[in-house]
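Positions -18 to -1, 1 to 520 (mature numbering (1 follows the signal peptide of the UniProt record, and there is no 0)) are the ones given, in order, by the sequence shown.
Note that CB positions come from ideal geometry on N, CA and C, so glycine has one too.
Data first, discussion second: the structure below is written as structure tokens.
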Amino acid sequence: MVLVRVLVFLLFPLSILSVALNPKIRGTPIVDLGYASYSGYYNASTGINYFRGIPYAKAPIGELRWRKPVPIDGAIKKDKQVINASLPAPACYQSNPSWAEFGASLSAGAPFQQSEDCLIMDVLVPSSPVSQRLPVIVQIHGGGYTLGDAALYPGDAMVNQSSGTVIYVAIQYRLGVFGFLGGKSIAKDGILNAGLLDQRAALEWLQRHIHAFGGDPSRITIWGGSAGGGSVSLQLTAYSGKDTPPFSAAIAEYPWWQPLLNPAIQDAQYDTTLRLSKCSDINCLRALSGTDLANVGQGVLNVSYPSAGYGYGLFYFGPVVDGNFVRDLPSTEYREGHFYKVPTIVDHEGYEGVIFTNPTLTTTDAETKDAQYIFPSADASFFSRLYELYPSSDFNSTFFQRQQWFGDAIINCPSYQIANGVATHYPNPHAVYKLVTAIGTELHGSNLPFLTSADPGYTSAPNATIAKILTGYWLSFAITGNPNPLRFPGAPYWPSYVGGYGGKRVLSINYTQIGRVPDRDEGPRCDFFSSQGTIVEN
């Protein structure tokens, strides 16, 4: 194994901060999109022109709730007025899972103003671009499909490190009850997976308009972590990969494959929404104010926990199989090769299941009861095999046993299934790269301080050297489709997943080393979860 030693100081707790900027104005940047013009602001310390809160679709209110997003292009009557795009836009309505304070930590520093008129994007453009056809990195935020916003994932440091070679975009999409309410009534008189369709609409808007910012629509890399990584994986399988994707590369970090609720559980979710709203049909739900519906959505999370499809660590609202955009379970789509064939990066962290595991679990009976909510279709043979693969003798406690199989089922094994699927079905099997990290807290989301920062030099990151190395890989991948050609000086070569080293290889980064190691996710545990697709995801 080839190893490169690096100095790492990674003892800080995970925190996600949004930093307010105090720009020194050089001049007001203005972009003309044809149907409207927007003015942003320039920040001399970062060397970036910022455009905040640019809408890509009409506000999905009233009759447009649970409808396919309507492009904004034809909805604005152009005049000579320049629209101010220098202030953060409201977040989409948020809701917290009932089992933890996860939402409080994720929302730290986020704009607390919330609205349904939230289908926007922030665009960060280098003030001294090397060309007028720059590659574009598009951030799809995480948060369990119920939390998060564009401001949580600053791209300042990444654009600054790029030295004028990339544009960074962060998008928002409908969340919780607004974006992922399921059930046959929504499918009949609306649309399922509205939040995923919002993401697609944002990418299609970029195809039409990113050139006005100096971006190249043929070189768009989508990137997200957690539910953002899950979103990226589902954008890759959109329409089973049968049409032309509005992006050219993808980065799915710790991809969150929350179990996809079956139709019966979706209907139960919808019925609870009606009951708490005192509504009798979808028309009544569409007539509610945004605040009232947001309160109902939070109430659904509160009263439904625990229940089938909503165990500890899950978020209940999320993507479902709709037969159109999501045509099958993601495990099936990757196994069958039904996805867009583009260069892909996947990764996960060392202890993905910890923050999603109940610390009070002490017995196998309690653990099994907990697991039955997550895998509502599981039978006795499932649990027999589960505990055979994760014997209690391998772990110090029930807590660590549970966090391991939860992390494997929801994140680690999905990263393997994506990498293996791309390597198997992509005409160029060397265009997929996998990373495993044990840095920072080593917990879910611990990569974020190393890749997203409003601090141009990453001096506030747990380790600035590691931050620049990771960012260098990301920038090289976005520019060339390969993380190696433009990697940070001194960073080791990142082999492709199937690249000539005696089997599948991943890049491993821990406290003291960076090097190539075998993919430890490959094996009977992930084979088990892959074979149980209808139990795990449906």
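Residue burial classification, residue i (beta-carbon count within 10 angstroms, cutoff 16)
{"i": "aspartate 509", "result": "exposed"}
{"i": "cysteine 266", "result": "exposed"}
{"i": "arginine 384", "result": "buried"}
{"i": "glutamate 98", "result": "buried"}
{"i": "arginine 502", "result": "exposed"}
{"i": "valine 13", "result": "buried"}
{"i": "asparagine 4", "result": "Note that asparagine 4 scores 32 on pLDDT, short of 50, meaning its location in the model is unreliable; the coordinates nonetheless yield the value given after this. Counting Cβ neighbours within 10 Å, asparagine 4 comes out exposed, since fewer than 16 surround it."}
{"i": "lysine 486", "result": "buried"}
{"i": "lysine 224", "result": "exposed"}
{"i": "glutamate 45", "result": "exposed"}
{"i": "glycine 56", "result": "exposed"}
{"i": "serine 230", "result": "buried"}
{"i": "serine 144", "result": "buried"}
{"i": "aspartate 61", "result": "exposed"}
{"i": "glutamine 399", "result": "buried"}
DSSP-derived helix/strand/coil call for residue i
{"i": "alanine 152", "result": "strand"}
{"i": "arginine 317", "result": "helix"}
{"i": "isoleucine 491", "result": "strand"}
{"i": "valine -15", "result": "Any reading at valine -15 needs caution, since the residue's pLDDT is 36, under 50, leaving its predicted position unreliable; the model's value is listed next. Residue state, collapsed to three classes: strand."}
{"i": "threonine 326", "result": "strand"}
{"i": "glutamine 514", "result": "coil"}
{"i": "glutamine 76", "result": "coil"}
{"i": "asparagine 4", "result": "A caution first: asparagine 4 carries a pLDDT of 32, below 50, which makes its placement in the model too unreliable to give a value."}
{"i": "glycine 158", "result": "helix"}
{"i": "tyrosine 333", "result": "strand"}
{"i": "phenylalanine -10", "result": "The predicted position of phenylalanine -10 is uncertain, since its pLDDT is 29 and thus under 50; a value taken from the coordinates is nonetheless stated next. If DSSP states are grouped into helix, strand and coil, phenylalanine -10 belongs with coil."}
{"i": "glutamine 96", "result": "strand"}
{"i": "phenylalanine 470", "result": "coil"}
{"i": "lysine 166", "result": "helix"}
{"i": "glutamate 349", "result": "helix"}
{"i": "alanine 90", "result": "Bear in mind that a pLDDT of 49 at alanine 90, under 50, signals an unreliable position, so the model cannot answer this."}
{"i": "residue 522", "result": "What the structure shows of the chain is the stretch from -18 to 520, and residue 522 is not part of that stretch, so it cannot be assessed."}
{"i": "glycine 403", "result": "helix"}
{"i": "serine 21", "result": "strand"}
{"i": "arginine 257", "result": "helix"}
{"i": "serine 144", "result": "coil"}
{"i": "isoleucine 58", "result": "coil"}
Nearest to residue i (by Cα), restricted to the options the options
{"i": "tyrosine 252", "options": "Asp138, Thr128, Ile168", "result": "Ile168"}
{"i": "threonine 314", "options": "Trp239, Ser77, Ile119", "result": "Trp239"}
{"i": "leucine 296", "options": "Lys50, Asn78, Ile65, Thr380", "result": "Asn78"}
{"i": "arginine 34", "options": "Pro245, Asp131, Asp61, Tyr298", "result": "Asp131"}
{"i": "proline 409", "options": "Pro325, Ala176, Tyr75", "result": "Pro325"}
{"i": "tyrosine 372", "options": "Asp361, Thr350, Asn445, Lys260", "result": "Thr350"}
{"i": "glutamate 331", "options": "Ala152, Gly56, Lys170, Ser428", "result": "Ser428"}
{"i": "proline 72", "options": "Gly9, Tyr155, Gly463, Ala391", "result": "Tyr155"}
{"i": "glycine 335", "options": "Arg49, Ser442, Gln248, Asp390", "result": "Asp390"}
{"i": "tyrosine 20", "options": "Asn66, Ser27, Ile54, Thr28", "result": "Asn66"}
{"i": "glycine 422", "options": "Val414, Gly439, Pro444, Leu433", "result": "Pro444"}
8 Å Cβ cutoff met for residue i and residue j
{"i": "glycine 403", "j": "arginine 507", "result": "no"}
{"i": "glycine 158", "j": "phenylalanine 299", "result": "yes"}
{"i": "histidine 123", "j": "glycine 210", "result": "yes"}
{"i": "glycine 164", "j": "leucine 218", "result": "no"}
{"i": "asparagine 492", "j": "alanine 401", "result": "no"}
{"i": "alanine 183", "j": "isoleucine 204", "result": "no"}
{"i": "tyrosine 23", "j": "serine 68", "result": "yes"}
{"i": "asparagine 175", "j": "valine 302", "result": "yes"}
Range covered by the beta strand (DSSP E) that runs through residue i
{"i": "tyrosine 127", "result": "Here tyrosine 127 belongs to no beta strand (DSSP E), and DSSP marks it neither H nor E."}
{"i": "tyrosine 415", "result": "414 to 419"}
{"i": "valine 13", "result": "12 to 14"}
Continuous alpha helix (DSSP H) stretch holding residue i: start and end
{"i": "glutamine 385", "result": "380 to 389"}
{"i": "proline 117", "result": "No alpha helix (DSSP H) contains proline 117, which is instead part of the beta strand (DSSP E) from 116 to 122."}
{"i": "phenylalanine 459", "result": "446 to 462"}
{"i": "alanine 183", "result": "176 to 191"}
{"i": "glycine 197", "result": "Run containing glycine 197: none in the alpha helix (DSSP H); it sits in the beta strand (DSSP E), 197 to 207."}
{"i": "serine 363", "result": "362 to 371"}
{"i": "proline 431", "result": "430 to 433"}
{"i": "isoleucine 264", "result": "264 to 269"}
{"i": "leucine 283", "result": "272 to 286"}
Distance cut-off 7 Å: residue i Cβ against heavy atoms of the ligand MG
{"i": "leucine 256", "result": "Among the components modelled here there is no ligand, and therefore nothing to report on the ligand MG."}
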